[in-house]
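Peer 1:
Protein chains: 2
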Amino acid sequence: MAVTMNDVAKAAGVSLKTVSNVINNYEFIRPATKQRVLDAIDELGYETNLTARSLRSGKTKMLGLVLADLSIPYYAELASDIMKAAWSRGYRVLVEQSGNEAEHEKAALQGQFRSLTDGLLFIPLTLGAQQIIDAAGKKPLVLLGEFVQDPRLDMVLIQNHEAAAAVTTHLLAGGRRRIAVLGADDGETTGSAGLRLSGYKAALADAGVEYDPALVVRCEWRRDGGAGAVARLLDSGADFDAVFGLNDALALGALHELLVRGKRVPEEIAVAGFDDIEEARFASPSLTTVAPGRAEIAERAVELLIERIEGNMAAPEVRQLQAAFELRVRKSAT
Amino acid sequence: MAVTMNDVAKAAGVSLKTVSNVINNYEFIRPATKQRVLDAIDELGYETNLTARSLRSGKTKMLGLVLADLSIPYYAELASDIMKAAWSRGYRVLVEQSGNEAEHEKAALQGQFRSLTDGLLFIPLTLGAQQIIDAAGKKPLVLLGEFVQDPRLDMVLIQNHEAAAAVTTHLLAGGRRRIAVLGADDGETTGSAGLRLSGYKAALADAGVEYDPALVVRCEWRRDGGAGAVARLLDSGADFDAVFGLNDALALGALHELLVRGKRVPEEIAVAGFDDIEEARFASPSLTTVAPGRAEIAERAVELLIERIEGNMAAPEVRQLQAAFELRVRKSAT
DNA sequence: TACTTTGTCTGCAACGATGTATTTCACCAG
DNA sequence: CTGGTGAAATACATCGTTGCAGACAAAGTA
Numbered sequence: 037m038a039v040t041m042n043d044v045a046k047a048a049g050v051s052l053k054t055v056s057n058v059i060n061n062y063e064f065i066r067p068a069t070k071q072r073v074l075d076a077i078d079e080l081g082y083e084t085n086l087t088a089r090s091l092r093s094g095k096t097k098m099l100g101l102v103l104a105d106l107s108i109p110y111y112a113e114l115a116s117d118i119m120k121a122a123w124s125r126g127y128r129v130l131v132e133q134s135g136n137e138a139e140h141e142k143a144a145l146q147g148q149f150r151s152l153t154d155g156l157l158f159i160p161l162t163l164g165a166q167q168i169i170d171a172a173g174k175k176p177l178v179l180l181g182e183f184v185q186d187p188r189l190d191m192v193l194i195q196n197h198e199a200a201a202a203v204t205t206h207l208l209a210g211g212r213r214r215i216a217v218l219g220a221d222d223g224e225t226t227g228s229a230g231l232r233l234s235g236y237k238a239a240l241a242d243a244g245v246e247y248d249p250a251l252v253v254r255c256e257w258r259r260d261g262g263a264g265a266v267a268r269l270l271d272s273g274a275d276f277d278a279v280f281g282l283n284d285a286l287a288l289g290a291l292h293e294l295l296v297r298g299k300r301v302p303e304e305i306a307v308a309g310f311d312d313i314e315e316a317r318f319a320s321p322s323l324t325t326v327a328p329g330r331a332e333i334a335e336r337a338v339e340l341l342i343e344r345i346e347g348n349m350a351a352p353e354v355r356q357l358q359a360a361f362e363l364r365v366r367k368s369a370t
Numbered sequence: 037m038a039v040t041m042n043d044v045a046k047a048a049g050v051s052l053k054t055v056s057n058v059i060n061n062y063e064f065i066r067p068a069t070k071q072r073v074l075d076a077i078d079e080l081g082y083e084t085n086l087t088a089r090s091l092r093s094g095k096t097k098m099l100g101l102v103l104a105d106l107s108i109p110y111y112a113e114l115a116s117d118i119m120k121a122a123w124s125r126g127y128r129v130l131v132e133q134s135g136n137e138a139e140h141e142k143a144a145l146q147g148q149f150r151s152l153t154d155g156l157l158f159i160p161l162t163l164g165a166q167q168i169i170d171a172a173g174k175k176p177l178v179l180l181g182e183f184v185q186d187p188r189l190d191m192v193l194i195q196n197h198e199a200a201a202a203v204t205t206h207l208l209a210g211g212r213r214r215i216a217v218l219g220a221d222d223g224e225t226t227g228s229a230g231l232r233l234s235g236y237k238a239a240l241a242d243a244g245v246e247y248d249p250a251l252v253v254r255c256e257w258r259r260d261g262g263a264g265a266v267a268r269l270l271d272s273g274a275d276f277d278a279v280f281g282l283n284d285a286l287a288l289g290a291l292h293e294l295l296v297r298g299k300r301v302p303e304e305i306a307v308a309g310f311d312d313i314e315e316a317r318f319a320s321p322s323l324t325t326v327a328p329g330r331a332e333i334a335e336r337a338v339e340l341l342i343e344r345i346e347g348n349m350a351a352p353e354v355r356q357l358q359a360a361f362e363l364r365v366r367k368s369a370t
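Chains as they are written, first to last, in my numbering: chain A, 37 to 370; chain B, 37 to 370.
Have a look at this one:
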C-alpha cells in the first residue's frame, strides 16, 4: 500500500491535518513542526494522492483540450504550447481528439471528460455557438482561435479576416492578379474558412481586382486536399498565377502538386499559406504564410481559463482576446 | 451540486449500492429494477464521478504517455494513434512532455504523474535501462520503440538496425557509394542513433563499401539540425552522393538545405529518412524513407500495457514485441 | 417440514485527502 | 493574576464511489 498522510502524521508525531497544512503551505506552522513533517515525508517517500485531493477539493488541476487530431501539425504545435503554458502554472492538460465529428465534440463538452477537468479549451469545428452553449456545463470554457464567434463566450481569436487580407495583399503586391483560394466555398461567410475568404475578398476589392468565384475551391484542410484541389484547377484549365491555401497543409499539398506537374514556384505560380507551422520554413521553396500568433494564443488562452477557474466566476464579463498575427514572407511568394 | 448516486437511488426507490451495481453491470439485478434505475439516471442526468470512482477503486482508466515534445511530427502522429487505440479500449491518455530532459523523464516515471495513471507508455531518450528500473514504481510500464533495450522491461521495438540497413541498401542499389549519415556520432552503438548507425554500417559492409567516419555528422534530431549538418558537410568540401537522415526531420532539413544550395536531388545527391511522417510524402521531391510501423506500435503497446494493467501482474514474463517496418521509395532517392 | 441454494438487494466501511470549527497554548497588556 | 489576542495544532465530518458481508425472499432438495 502507498504511504498516506496518516502514516506521515504518525511518523512526525502530529495530526493528519497538520501534515495537510504543511503540504498546502498553510501560514501558521512553527518552523520546527514543519521541518519534522517535511523530514517524515522525505523519509517515507510520501506523495499526495491527487485523486483523493480532487475528490475532496473538487479541483483536478487539469485542463481539457479538445481539438480535431494531434496528427495535424498546427494542432500538435498548439497543443505543445498549451501544455507548456499550463504546466508552468501548475496544471496538466488532458487532450481529447474530436476527429472533426459533432458527436465527439458534444461528448467532450459534457459528460465525464468535463468531470476530469477544471476547465476546457475548445477548438470547435462542427458545433455552432448555440450548440456549444447548450451542450456545455457550468465549468469554465474558453474557445480557441477558429470557428465560432459569439458575444456570450470567452475566446481567444485569430484575426482570420485581417491576416488573410494581409496574405492576399502581399500576393497582389507581387503582381499576382489571379489568386486561387483553396479550402473554402464561394458563399461561405462564417467559420475560419468564411472569415479568411472574406479577408481575401476585401484585399482584392481594396486593390481593385475582380473576385472570381471559379478560383475558390472547396476541399478538406489537409495536404492531400490541397494537392487534389490544385490538380482539379490545373486540369480544368483555369487561369491562375497564385494559390492561397487557407492553411499551411493545403498550401503545402498544393505546392507539392504544382512542382510535380512541372510548374515553377514562385516564378509561374506563387503559393502562400496560413498558420506558419514549422514545416513551412523547410518546404522547398520555403512557404510564405502568416503566423497567427500561436504562442500568444496558447499563453493567453491558458491564462484566461485559469483565471476563470481560480478567480471569482461571479465576474461574468465575457472576454474576447485577439492574438497579433505576422506575415512571414519566404520563397514561395516573394 | 452535481447529481450523485444517492439522488438516483432515492428517485428510483432503491439503495445506493443497487445503483452502483446497475452501473457496473452486476449480474443479478431484476430487469424491472434495472430499468427503474436507468430511467432515474436518464431523468436526473446523472453521470458517474470518475474522481470518486478512482479513489475508491484505485484505477483511473488513464494511461500516461511520456514523449519529448508534441511539436515533433513523429511523436504527434504516434500520440494520435495511441490515443485512438486507448480510446477504443475505454482508456484515456495523459501526455507528458519530457522536453528531452532527464529530470522530466524521471519525474514522469515516479511521482504524481504515475498516481494519475494506471500504466505508462514511455519513450525514453535520456534515461538508461537501469535508471528507468530504479526510478519506476510498481505500476505497469511499457517502453516504446526507441532507445533502451533490456531484458527486464516490457517494450515494443522498432527494428532500428534492420530498417536502417534497408534504407542504406536501397541507396547503395541506386549506385550511391558515399552516403552521409545525419544524427549520430561515429562511435555510437546504443540508442536509436547507435542502432540505426550500425544498420547503416552493416549494409555498407554487405555491399563491400568502405565506411568513412567523416561522413557521420552529429546533430540535433530536428529539421534545423539536419539543415545545419548538411551545410557543414558542404562547407567542409566533403564528397558525398547521398544523405541518410536518421529521422525524417533531419532528412527534410537536409533536403531543404541542399536545394537552397542549388544541389539537384536526387540527381546529384539522394536523400532518405526514417519514420515516414505524413510530411515526407508531400516534400518536394517526396522523401524516400522507412515506415517503422507506427500504427502497429501504437496498437500493440496499448494492448500490452492494458493487458498488464488488467491481467494478473503476477505473470512476470517480460514481453518484447517488434513492429514490422516497410521501405517507402519516393522521389528523393529512387 | 427443515435445510440449503440461488437470486436480488441492502448497509456499512473505506479509499485519502481537505474544510470548518474548535481547542490549546504562549504571550502580553492592564 | 486575569483576560484577551492571535498563532499553532487538532477533531470530525465529508467528497462520491465501490468492496465486502450479510439480509431476505423464493425456489430447490432431502
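Cβ atoms here follow ideal geometry from the backbone N, Cα and C, with glycine treated the same way.
Starting from the C-beta of N42/A, find all residues in its chain whose C-beta is less than 6 Å away, skip the five residues before and the five after it, and write them out in chain order.
Peer 2: For N42/A, same chain residues with a beta-carbon under 6 Å away, outside a window of 5 residues either side, are L52 in chain order.
Peer 1: Please classify A220/B: does DSSP put it in a helix, a strand, or coil?
Peer 2: coil
Peer 1: Chain A beta carbons: is any one of them nearer than 8 Å to that of H197/B?
Peer 2: no
Peer 1: In angstroms, rounded to a whole number, what distance separates the CA positions of A201/A and E246/A?
Peer 2: If I take the Cα positions, the gap works out to 15 Å.
Peer 1: Please classify E314/A as buried or exposed, where buried requires at least 16 other C-beta atoms within 10 Å of its C-beta.
Peer 2: buried
Peer 1: Would you give the residue range spanned by the alpha helix (DSSP H) that E83/A belongs to?
Peer 2: Run containing E83/A: none; DSSP gives neither H nor E here.
Peer 1: When you compare each of G262/A, D260/A, L251/A to A404/A by their alpha carbons, which one comes out closest?
Peer 2: The question about residue 404/A has no answer here: the residues shown for chain A are numbered 37 through 370.
Peer 1: Does chain A have any CB closer than 8 Å to the CB of P109/B?
Peer 2: yes
Peer 1: Quick test of the definition: if touching needs 3 or more C-beta pairs under 8 Å, does the region 104–111 of chain B touch the region 98–118 of chain A?
Peer 2: yes
Peer 1: State the beta-bridge partners of A278/B as determined by DSSP.
Peer 2: I215/B, A306/B
Peer 1: Given this structure, state the Cα-to-Cα distance separating T325/A from F310/A, to the nearest angstrom.
Peer 2: 5 Å
Peer 1: Between the region 292–299 of chain A and the region 232–240 of chain B, do at least 3 Cβ pairs fall closer than 8 Å?
Peer 2: no
Peer 1: Assuming G81/A and V39/A form a contact by the criterion Cβ under 8 Å, report the distance between their Cβ atoms to the nearest whole angstrom.
Peer 2: 6 Å
Peer 1: Please confirm whether T40/A has its beta-carbon closer than 8 Å to some beta-carbon of chain B.
Peer 2: no
Peer 1: Classify N196/B as buried or exposed, calling it buried when 16 or more other Cβ atoms lie within 10 Å of its own Cβ.
Peer 2: Answer is buried; the Cβ neighbour count reaches 16.
Peer 1: Determine the burial state of R92/A: buried for a count of at least 16 other Cβ atoms within 10 Å of its Cβ, exposed for fewer.
Peer 2: exposed
Peer 1: Quick one: Cα of K46/A to Cα of V55/A, how far?
Peer 2: 10 Å
Peer 1: Could you give the DSSP three-state label for A327/A: helix, strand or coil?
Peer 2: A327/A falls in the strand class under three-state DSSP.
Peer 1: Can you have a look at K97/B and say buried or exposed, based on whether 16 or more other CB atoms are within 10 angstroms of its CB?
Peer 2: buried
Peer 1: Going straight from the alpha carbon of T225/A to that of P249/A, what length do you get?
Peer 2: 14 Å
Peer 1: Against chain B, does D43/A count as a neighbour if the rule is that its beta carbon must be under 8 Å from one of theirs?
Peer 2: no
Peer 1: Just mark A290/A as buried or exposed, buried being the case when its beta carbon has 16 or more other beta carbons within 10 Å.
Peer 2: buried
Peer 1: Under 7 Å between beta-carbons, which chain B residues line up against A115/A? List them in chain order, please.
Peer 2: L106
Peer 1: Compute the beta-carbon to beta-carbon distance between D190/B and R344/B, rounded to the nearest angstrom, for a pair I have assumed lies under 8 Å.
Peer 2: 7 Å
Peer 1: Look at the alpha carbon of F149/B and the alpha carbon of V129/A, and state the distance between them as a whole number of angstroms.
Peer 2: 12 Å
Peer 1: Taking just the CA atoms, how far does E293/A sit from I305/B?
Peer 2: Whole-angstrom Cα-Cα distance: 22 Å.
Peer 1: What residues in its chain sit with their C-beta under 6 Å from that of A76/B, if we drop five residues either side in the sequence?
Peer 2: Taken in chain order, the residues that qualify are V44, A47, A48.
Peer 1: Along the region 130–149 of chain B, what residues have a CB closer than 9 Å to any CB found in chain A?
Peer 2: L130, V131, E132, Q133, G135, Q146, G147, Q148, F149
Peer 1: Compute the Euclidean distance between the alpha carbons of G347/A and G155/A, then round it to the nearest angstrom.
Peer 2: 12 Å
Peer 1: Does chain A have any CB closer than 8 Å to the CB of R259/B?
Peer 2: yes
Peer 1: Tell me, please, which residues DSSP counts as bridged to G119/B.
Peer 2: Gly is not the amino acid found at residue 119/B; the sequence shown has Met there. Beta-bridge pairing links M119/B to no other residue.
Peer 1: Measure from the alpha carbon of F280/B to the alpha carbon of each residue in A334/B, L270/B, G219/B, E335/B, then state which is nearest.
Peer 2: G219/B
Peer 1: Measure the CB-CB distance between D117/A and A331/A and report whether it falls below 8 Å.
Peer 2: In this structure, the beta-carbon distance from D117/A to A331/A falls below 8 Å.
Peer 1: Does the beta-carbon of R212/A have 16 or more other beta-carbons within 10 angstroms, so that it is buried, or is it exposed?
Peer 2: buried
Peer 1: Can you find a CB in chain A that lies within less than 8 Å of the CB of L295/B?
Peer 2: yes
Peer 1: At a Cβ threshold of 8 Å, is F22/A touching chain B?
Peer 2: Outside the shown range of chain A (37 to 370) lies residue 22/A, about which nothing can therefore be said.
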